[in-house]
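Student: Next up is a structure, given as structure tokens.
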Amino acid sequence: MFNKRIKVKQLLASEQTGHEVTVMGWVRTFRNNQFLAVNDGSTNNNIQIVLELGQFDDALLKRLTTSASVKVTGEVVPSMGKGQKIEIKAKTLEILGDSDAEKYPLQLKNRPSLEYLREIAHMRFRTNTFGAVFRVRHSLAFAIHKFFNEKGFVYLHTPIITASDAEGAGEMFRVTSLPFDGTPRNEDGSVNFKEDFFGKSTNLTVSGQLEGELGATAFGEIYTFGPTFRAENSNTARHLAEFWMIEPEMAFSDLEDNMNLAEEFIKYIIQHAMDNNREDLEFLAQRLAEEEKQKPQAERSEMGLIEKLEFVLNNNFERITYTEAIDILLQSPAYKKKKFQYEVKWGIDMQSEHERYLVEKHFKKPVIVTNYPKDIKAFYMRLNEDGKTVAAMDILAPGIGEIVGGSQREERLENLEARMKEMHVPADELWWYLDTRRFGTVPHAGFGLGFERMVLFVTGMTNIRDVIAFPRTPKTAEF
Ligand code: 4AD
Ligand code: MG
1 MFNKRIKVKQ LLASEQTGHE VTVMGWVRTF RNNQFLAVND GSTNNNIQIV LELGQFDDAL
61 LKRLTTSASV KVTGEVVPSM GKGQKIEIKA KTLEILGDSD AEKYPLQLKN RPSLEYLREI
121 AHMRFRTNTF GAVFRVRHSL AFAIHKFFNE KGFVYLHTPI ITASDAEGAG EMFRVTSLPF
181 DGTPRNEDGS VNFKEDFFGK STNLTVSGQL EGELGATAFG EIYTFGPTFR AENSNTARHL
241 AEFWMIEPEM AFSDLEDNMN LAEEFIKYII QHAMDNNRED LEFLAQRLAE EEKQKPQAER
301 SEMGLIEKLE FVLNNNFERI TYTEAIDILL QSPAYKKKKF QYEVKWGIDM QSEHERYLVE
361 KHFKKPVIVT NYPKDIKAFY MRLNEDGKTV AAMDILAPGI GEIVGGSQRE ERLENLEARM
421 KEMHVPADEL WWYLDTRRFG TVPHAGFGLG FERMVLFVTG MTNIRDVIAF PRTPKTAEF
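According to the UniProt record's numbering, numbering within the sequence shown proceeds without interruption in unit steps and concludes at 479.
The structure is reproduced here in structure tokens:
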């Protein structure tokens, strides 16, 4: 065993004094050759270590630079200073690792920008902002498993390497072990994938849904929670090439059950963060308030972060059909004043400006939009009676736009085959998927929640690159 240490969070929470403890962490600040603030990542709050003047060598004190790692043993005593109730009177102090103050890339004094911190993402966990964001992210992930576990859903690990395009959108990263030079070719010049590692063309998964449906039609209810990959060239604050998705899939379920589950689920995980990450959320609320101050009055959000989360917990999501959504847009002052950049008419794939108008200006709360035109949605969605819409649902969140995409699935074999044909989805490759409709098909539904978009919503961060540890976006795959 390396050593027994107490985590700073636990130490600060106990407020007990008079006993000896050992803490380990990284130096945040060192003032007056006497007051050492140490952070160990368990909380944004530092523990103050008091080094009595004359007790330690000058040479040692000089090495107490920002981010040096230390091990301190001493007595917990009430603190005279303001800002903390207790502190540690150091008995022994050991520097585990030096940190060259000249070279250390994170000088906290001049408040590094989020953009700069992305360039040093390997160090940014050591800031208060990222400390808070990633503890909240952890907590949300935990709450997700807790939610589904309590409901009896089976956690299904769907494959990351697949040979199918679950969304039929063609936005896939290829997986191959074939050489670029001397790629084996068929007679017609096309690549001979028979020679490839898997003997066929494979890619990174865009969604675990299709395999999820196989699970749901046996276990009844499953969920996936894993990385998904999209080679869409969208350089926005909401898109990643590698993101995490949660995909529940339920047998014996229709669109309404699906909406109910999604709303309950989102509220549950927000509540979990509110109950378990209050300190970090308050810190993030403060950060957001400061960021908002930089904006012109008209662009500032009406609610603070905590208020917004409470509002979401205490109000029903608005539920409207796609057709109603388009009508609202057509009636809107924004449309009449030609404020939308993109066209509005029935049949469009709503752009972010349209979605944001609905949630931020019109309803001012999360909105579930249902029954989209079939032509803008995936092949597996259940065709409605009208023959032109499908039983889809998207949840739109203020400040984020689409956070959930889901649907009731087309469980009728003939309909599904017809849709696949229309949309040029190769039925022979998806024979196994079609088998669920051949052998005991059932009405079923599911959705996908973009985990990073959820983390954005809860933390009040504004760029998706700041809520995933090491973002993968067009032209960046550092760290
Ligand atoms: O709407 P999408 O594409 O739906 C599916 O993949 C379905 N198979 C889900 C299902 O029904 N099981 O993606 C679902 C969610 C989106 O609503 C969004 O939150 C997130 O995944 N998402 C992204 N997040 C970050 N970066 C991207 N490039 C994303 N693309 C989708
Ligand atoms: Mg979608």
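Even for Gly, the Cβ is constructed at its ideal location relative to N, Cα and C.
First and last residue of the alpha helix (DSSP H) that includes Met423?
Tutor: From DSSP, Met423 is part of no alpha helix (DSSP H); its letter is neither H nor E.
Student: Given this structure, state the Cα-to-Cα distance separating Thr441 from Arg382, to the nearest angstrom.
Tutor: Approximately 13 Å, taken between the alpha carbons.
Student: Using 9 Å as the limit for Cβ to Cβ distance, is Lys200 near chain C?
Tutor: In the structure shown, chain C cannot be found, because there is only a single protein chain.
Student: Near Arg356, which residues of its chain fall below 7 Å by C-beta distance, leaving aside the five closest residues on each side in sequence?
Tutor: Gly401, listed in sequence order.
Student: Please find out if some non-hydrogen atom of the ligand 4AD comes closer than 8 Å to the beta-carbon of Ala166.
Tutor: Indeed, a heavy atom of the ligand 4AD lies less than 8 Å from the Cβ.
Student: As an exercise, report each continuous alpha helix (DSSP H) stretch of at least 4 residues that is fully enclosed by the stretch 202-265, in chain order.
Tutor: Those alpha helix (DSSP H) runs which fall completely within the stretch 202-265 and span 4+ residues are 209-219.
Student: Cβ of Ser407 versus every heavy atom of the ligand 4AD: is any distance shorter than 8 Å?
Tutor: For the ligand 4AD, at least one heavy atom lies less than 8 Å from the Cβ of Ser407.
Student: Inspect the beta-carbon positions of Val136 and Asn46 and report whether they are closer than 9 Å.
Tutor: No, Cβ-Cβ distance for Val136 and Asn46 is not below 9 Å.
Student: Let me check understanding here. Comparing Cα to Cα, which of Glu150, Thr92 and Gly304 lies closest to Val458?
Tutor: Closest by alpha carbon: Gly304.
Student: Can you look up Arg300 in the DSSP assignment and give me helix, strand or coil?
Tutor: Note: Arg300 maps to coil in three-state DSSP.
Student: Apart from the five residues on each side of it in sequence, which residues of its chain come closer than 7 Å, Cβ to Cβ, to Phe173?
Tutor: Contacts found: Asn203, Leu204, Phe229 and Ala231.
Student: One question on the structure: do Gly460 and Val404 come within less than 9 Å of each other, judged by their Cβ atoms?
Tutor: Against a cut-off of 9 Å, the Cβ pair of Val404 and Gly460 comes out as no contact.
Student: What are the partner residues of Asn39, as DSSP defines its beta bridges?
Tutor: DSSP, once it has assigned bridges, lists Trp26 as partnering Asn39.
Student: Please tell me whether Thr92 and Arg287 are closer than 9 Å, where the distance is taken between their beta carbons.
Tutor: No, these two residues do not count as a Cβ contact at 9 Å.
Student: Taking the alpha-carbon positions, what's the Val455 to Tyr322 distance?
Tutor: Roughly 26 Å separates the two Cα atoms.
Student: Give every residue of the same chain whose Cβ lies closer than 8 Å to the Cβ of Glu94, excluding the five residues on either side of it in the sequence, and list them in chain order.
Tutor: Only Val70, Lys71 and Val72 meet the Cβ criterion.
Student: For the stretch 356-382, which segments carrying the alpha helix (DSSP H) assignment without a break, of at least 4 residues, lie completely within its bounds, in sequence order?
Tutor: Here no run is fully enclosed.
Student: What does DSSP give as the partner residue(s) for Val390 in the beta ladder?
Tutor: Its beta-bridge partners are Tyr372 and Leu383.
Student: Could you tell me if the beta carbon of Asp394 falls within a distance shorter than 8 Å of some heavy atom in the ligand MG?
Tutor: Because some heavy atom of the ligand MG lies under 8 Å away, the Cβ of Asp394 counts as near it: yes.
Student: May I ask you to check if the CB of Gly450 is nearer than 8 Å to at least one heavy atom of the ligand 4AD?
Tutor: Gly450 Cβ: within cutoff of the ligand 4AD.
Student: Go through the stretch 399-454 residue by residue and report every complete run of the beta strand (DSSP E) that reaches 3 residues or more, in order.
Tutor: For the stretch 399-454, whole beta strand (DSSP E) runs of length 3 or above, ordered along the chain, are 401-408 and 444-450.
Student: Which of the three DSSP states, helix, strand or coil, is assigned to Leu396?
Tutor: DSSP places Leu396 in strand when its eight states are reduced to three.
Student: Using beta-carbon positions only, say whether Gly226 and Ile160 come within less than 9 Å of one another.
Tutor: A contact, by the Cβ cut-off of 9 Å.
Student: For Phe134, tell me which candidate among Asp466, Met250 and Glu478 has the shortest Cα-Cα distance.
Tutor: The candidate whose alpha carbon is nearest that of Phe134 is Asp466.
Student: Determine the direct distance from the alpha carbon of Ala285 to that of Glu221, and round the result to whole angstroms.
Tutor: Roughly 36 Å separates the two Cα atoms.
Student: Since I believe Tyr433 is in contact with Leu156 (beta carbons under 8 Å), could you give me their beta-carbon distance rounded to a whole number of angstroms?
Tutor: Not really, about 15 Å apart at Cβ, beyond 8 Å.
Student: Confirm, please, whether the CB-CB distance from Gly25 to Ile44 is below 9 Å.
Tutor: In the sequence as displayed, the identity of residue 44 is Asn instead of Ile. Result no, Cβ atoms of Asn44 and Gly25 do not sit closer than 9 Å.
Student: Under a three-way DSSP split, which group does Glu187 fall into?
Tutor: Note: Glu187 maps to coil in three-state DSSP.
Student: So is the beta-carbon of His239 under 8 Å away from any non-hydrogen atom of the ligand 4AD?
Tutor: Under cutoff, so the answer is yes.
Student: What does the Cβ neighbour count give for Val77, buried or exposed, with the cut at 16 atoms within 10 Å?
Tutor: With fewer than 16 Cβ atoms within 10 Å of its Cβ, Val77 is classed as exposed.
Student: Can you tell me whether Glu253 is buried or exposed? The criterion is at least 16 other CB atoms within 10 Å of its CB, across all chains shown.
Tutor: In the sequence under discussion, the amino acid at residue 253 is Ser, which differs from the Glu named in the question. By the neighbour-count rule (16 or more Cβ atoms within 10 Å), Ser253 is buried.
Student: Measuring alpha carbon to alpha carbon, tell me which of Leu214, Ser234 and Asn315 ends up nearest Lys267.
Tutor: Of the candidates Leu214, Ser234 and Asn315, the one whose C-alpha sits nearest the C-alpha of Lys267 is Asn315.
Student: Indicate, with yes or no, if the ligand 4AD has a heavy atom lying under 8 Å from the CB of Val206.
Tutor: Yes, the beta carbon of Val206 sits closer than 8 Å to at least one heavy atom of the ligand 4AD.
Student: How long is the line joining the alpha carbons of Pro179 and Glu171, rounded to whole angstroms?
Tutor: Cα to Cα, Pro179 sits roughly 22 Å from Glu171.
Student: Using a Cβ-Cβ cut-off of 6 Å (strictly less than) and excluding sequence neighbours within five positions of Arg319, which residues of its own chain qualify?
Tutor: Counting only Cβ-Cβ distances below 6 Å, and skipping sequence neighbours, we find Ile368.
Student: For Lys388 and Glu282, what's the separation of their Cα atoms in angstroms?
Tutor: About 46 Å.
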